[in-house]
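Heads up: the structure comes next, in structure tokens.
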Amino acid sequence: MLEFCVLGHLQVRRDGVPVTLGAEMWRRVLAVLLCRAGEVTPVEDLISALWHDDPPQSARKTVQLYVHRLRQALGDNERIVHRTAGYAVVLAPEELDTLRFSRLVAEGRAARQHGDLDRASVTLEQALGLWQGPAYAGFDDIPLINSEARHLEAQRVLTYEELVAVNLELGRHAELAVDLIETTQVHPYRERLRAYLMLALYRSGRQVEALEVYRRTRATLNAELGVEPGPMLRWVHEAILRDDETLATITSAGLNHITSGSAPEIRLPPELPMPPAQYKPASGLVPAQLPADLPEFIGRAASLRQLDALLPEDPAHQPVTLVLSAISGTAGVGKTAVAVHWAYRVRDRFSGGQLFVNLRGFGPSESVMSPAEAIRCLLDALGVANEQIPTDLDAQIGLYRSLLVGKRVLILLDNARDAEQVRPLLPGAPGCLVLVTSRNRLSGLVALEGAYPLIVDLLTESEAHEFIAARLGRDRVAGEREAVAEIITRCARLPLALSVVAARAATYPAFSLAALAKELREARGGLDVFADGDTATDVRAVFSWSYHALSTDAARLFRLLGLHPGPDIAVPAAASLAGISQKEVRTLLTELSRAHLINEVVLGRYTLHDLLRAYATEQAQLLEPADDQRAAIHRWLDHYLHTGHAAALLLHPHRQPITLAAAQIGVVAEELTDREQAMAWFTAEHPVLLALIDQAVNAGFDTHVWQLAWTMDTFFQRRGHWHDQVATHHAGLSAATRLADPIGEALACSGLGVVYTHLGEHDQAGMYLCRSLGLFTKLEDVAGQAHVHFHFGWLSEVRGQYQEALDHARQALDLYQATVHRYGQANSLNAVGWYRAQLGDYATASHYLLRALTLHQEIGDHSGEAASWDSLGYSYHHLGRYREAVTCYENALRLTRILGDRYYEADTLNHLGDTNHAAGAYDAARRDWQQAVDILHELGHSDADQIRAKLQQ
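Number 1530 in this note's numbering belongs to position 718 of the sequence shown; there are no gaps in the numbering.
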């Protein structure tokens, strides 16, 4: 039986075993067909989903080919049928999870209508249990699917509300309260859920907490939407205050009558005093970072029982201390799988969410995650805006631990190197659960921190047999028991090795298992780095067997992937790595993916398990000449440098480019056409680029080091990745110094001056800007000197030294005029005008700002034009010319919205609100400030607090 699953990431299973669907384009075709299950999907809709508005001339033939490939992957030519208008997928109702979901919901509602609440609860819970994530995850760029996914999500929330109502009637108040506390954080504006939570708390004897839910809800609705709670919430609140006896029995139907307006008028109580301010995640979402659980988790009952013993048996009772477990075992034994599976079993007991970090303790490279990098990952997951993160590591650790006080959070620290790497990441307060996996035993954590040690051993014989049967089918395994037993022995009962063998057997069903066992017997390799003298733990034979089955070109690509620093690689980069076309490399990547030697983690991005990466690295060092290895490194460094340089100029079109050497033959630089694509590329490649800097340093490609740092500069600025910007520019400065390259040194110092200004480290900023200015002066680079003076102006501004800022802006303007640098002139004119305004000389300021505006318009710099309109509005405001100021701000808003620059849109709205308020247009001012707060809240920016204070006055 085939099962099609779209309530989460697209999956197809045959008799419970996942089916490999192949290329991403094939998956997109299937997703669209499933979205219209039972209907014919026109070919035009498929073409639109695949290529949007830019289809190739061969689009129709290509769709035919994709459908053919899908039929082959599904093993059934009749599954996808052709009709006159297009294609349709043939399904039975039980074969698609969305149809099963709808059926179960209908059955649950029917049971409720007939008074069978227990059956209704079970059935509705089964319906919700089908969801493994957002519907059609990964396909939200397809409008047809996006619309269906939104509809399904709405149905899911309604079903959850109905399940809660049923469980309330069943008296499951304590359990509901725990679940609803978490869910209402995800859906802060669902008043019905808030009302249910108040009822559950009240009926659990937690009256004060129920009243606090109302107070916080009312404050949130007032501050963020400017509205009062609806009649349902108001009635529940008033009823709790008067201890109304109907609260013990009222049903959701009764609450619905209240919603319809039949309840008596409610007198709102006075606002209760606010508790001390606490940090709240900017996104408003509870972190849920656990990796996906295995579709079928086999065995490990003893390990799971040991982990169960860490927590109180009663879920209503929470641990009173920090719970810490150190999970160790050999590579590939399934430590992470055990930890993740158990974490899913207990995650509902931790209302603060789940955090996950791969500490990269073991791998082919030496890029072990530092505690500083790990802390920044955790702070980011907890919603801390980049500008709120302290620069000092101890302060970062203190902030992290403070955020966890009073919260119940499950933290999974995967692949730790040693106890020293883990200690800074441990919460300081009770109530949290920390799971640490490592290939080391982490005895230090056991001895000093009281961690519970759990050693994950090899699978038992019976578990290994069940493991293979789940993947190959019981009939096939039952027919060759001796061969299966030998495969288990040769794979040392190691889950990773068994997975590779099972994938091979599933791919070639005509091969007997006895033949596969013979191949394993004859392949006598071993991964030395993981060998301990016991041949039972030797897995190189398994990897070499899969490797030697590859085509010559795929085997070469696999070896070269071992040299790439990771953590993942995109198709164009893989093409540059191998020096071949993207079309050729896609074929090879598909071959490697099918052999389970790489994994496509997201569309078009591949990663290797660390053992496989180590094996690939070994093979590269054995078989690839040193010159060829260096040439491959050179190619992919060129790939990222040339693509990054083009992307940087798309983000900042008027930035003065740097001179790059010609790319090596075989480099396939990506073709990016607009700012959105450039930003998306940097976002996806961010961790890769950081790893590349380290690799370029170690390999002696110093020019690439400082130039890569330059390419990332604008991206880091826009996203607020100040700490990464510091690290890359320091690496670039060291590299340029080794090269005795004054241009590289000057640019790196300038970048450091800017980022240290962002971080508030003004002395450091001034030191590097001085050094940069000296270098540009020696180079007689007038434009470079102008850039530095411009940055000095900003540094002086943030120090509150506006006269000094004005002096630097004037020097920058003079230098830009000397070099006919029109973009620089426009920015400097704006800066001079802005600083004049800050000094109270609004008339002169307006003169400079009008000149800046004209020049920005002439050169087509929309970003600069928006900034000049904003500055001019500020000046007109203080001259009392409110109507003209409003016009300026509206012009600035129009441009920032076209550019998609959300932060400066909020900044301009804030200024517009100030002007409207000064002009007596108080409603308009409140509207402007509220819009600014909404945007900054969405961005997680701390400026929202300052504007929110204006709204409260």
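Glycine included, every Cβ here is placed at the ideal spot set by N, Cα and C.
So is residue i buried or exposed if we call it buried at 16+ other beta carbons inside 10 Å?
i, result
"Ile1139", "buried"
"Arg1054", "exposed"
"Leu1435", "exposed"
"Asp952", "exposed"
"Leu1502", "buried"
"Pro1076", "For Pro1076, the predicted structure reports a pLDDT of 31, less than 50, and the residue's modelled location is therefore unreliable. The matter cannot be settled from this model."
"Ile1187", "buried"
"Ile1759", "buried"
"Pro868", "exposed"
"Glu1488", "exposed"
"Asn889", "exposed"
"Ala1558", "buried"
"Leu982", "exposed"
"Met1804", "No answer is possible for residue 1804: the residues shown for the chain start at 813 and end at 1765."
"Gly1262", "exposed"
"Arg1510", "The residue asked about is misnamed: residue 1510 is Asn in this sequence, not Arg. With fewer than 16 Cβ atoms within 10 Å of its Cβ, Asn1510 is classed as exposed."
"Lys1395", "exposed"
"Arg1695", "exposed"
"Lys1147", "buried"
"Asp1740", "buried"
"Tyr1767", "The chain is shown from 813 up to 1765; residue 1767 falls before or after that span and cannot be answered."
"Phe1323", "exposed"
"Glu1334", "exposed"
"Ala1193", "buried"
"Ile1710", "exposed"
Can you pull the DSSP bridge partners for residue i?
i, result
"Gly898", "Pro854"
"Ile1267", "Ser1140"
"Ala1679", "BP columns for Ala1679 are empty, so no partner."
"Thr1249", "Ile1139"
"His821", "Ala949"
"Asp1226", "Asn1170"
"Arg1417", "Ala1382 and Val1414"
"Val1509", "In DSSP, Val1509 forms no bridge with anything."
"Ala1428", "Answer is none; Ala1428 lacks a bridge partner."
"Phe913", "DSSP lists no partner for Phe913."
"Glu815", "Arg825"
"Ala1718", "Paired residue(s): none; Ala1718 is not in a bridge."
"Ala1100", "Gln1166"
"Leu908", "Phe816"
"Val893", "Ala900"
"Pro830", "Arg825"
Within its chain, find whatever has a CB closer than 8 angstroms to the CB of residue i; leave out the 5 residues flanking it on each side and keep chain order.
i, result
"Leu1472", "Leu1453, His1454, His1457 and Gln1519"
"Ala1630", "Val1594"
"His821", "Gln944, Gly945, Ala949, Gly950 and Ala1104"
"Thr1063", "Ala977, Leu980 and Glu981"
"Phe1602", "His1620, Ala1621, Ala1624, Gly1636, Asn1639, Ser1640 and Ala1643"
"Tyr1734", "Asn1728"
Apart from the five residues just before and just after residue i, which ones in its own chain have a Cβ nearer than 6 angstroms to its Cβ?
i, result
"Ser1300", "The amino acid at residue 1300 is misidentified as Ser; the sequence shows Ile. Ala1276."
"Pro1176", "Confidence at Pro1176 is low in this model, with a pLDDT of 46, below 50, so its placement is unreliable and no value can be given for it."
"Gly1563", "Asp1525 and His1541"
"Phe1604", "Leu1581 and His1620"
Does any residue of chain B have a CB that is nearer than 8 angstroms to the CB of residue i?
i, result
"Thr1727", "Although the question refers to chain B, the structure presented lacks it and comprises just one protein chain."
Can you give me the Cβ contacts of residue i inside the same chain, cut-off strictly under 7 angstroms, excluding the 5 residues immediately before and after it?
i, result
"Val1296", "His1277, Ile1280, Val1289 and Leu1325"
"His1376", "Leu1389 and Trp1448"
"Arg1634", "Leu1667 and Ile1671"
"Ala1348", "Low per-residue confidence applies at Ala1348: pLDDT is 34, beneath 50, and the placement is therefore not dependable enough to give any value."
Whole alpha helix (DSSP H) elements within the region 1288–1312, 4-residue minimum: 1293–1302
Is it a yes or a no for the region 1110–1117 touching the region 1228–1246, going by three-plus beta-carbon pairs under 8 angstroms? no
With a cut-off of 8 angstroms, do at least 3 Cβ pairs link the region 834–851 to the region 870–885? yes
Decide yes or no for the touch test of the region 1546–1561 against the region 1575–1591: beta carbon pairs closer than 8 angstroms, at least 3 of them. yes
Would you list, in sequence order, the uninterrupted alpha helix (DSSP H) runs of no fewer than 4 residues that lie entirely inside the region 1465–1520? 1487–1511
Is the region 1209–1216 touching the region 1150–1160, taking contact as three or more C-beta pairs under 8 angstroms? no
Report yes or no: do three or more beta-carbon pairs, one from the region 1639–1659 and one from the region 1612–1620, lie closer than 8 angstroms? yes
Say whether the region 1363–1373 touches the region 1463–1472, bearing in mind that this needs 3 or more beta-carbon pairs closer than 8 angstroms, one atom from each stretch. no
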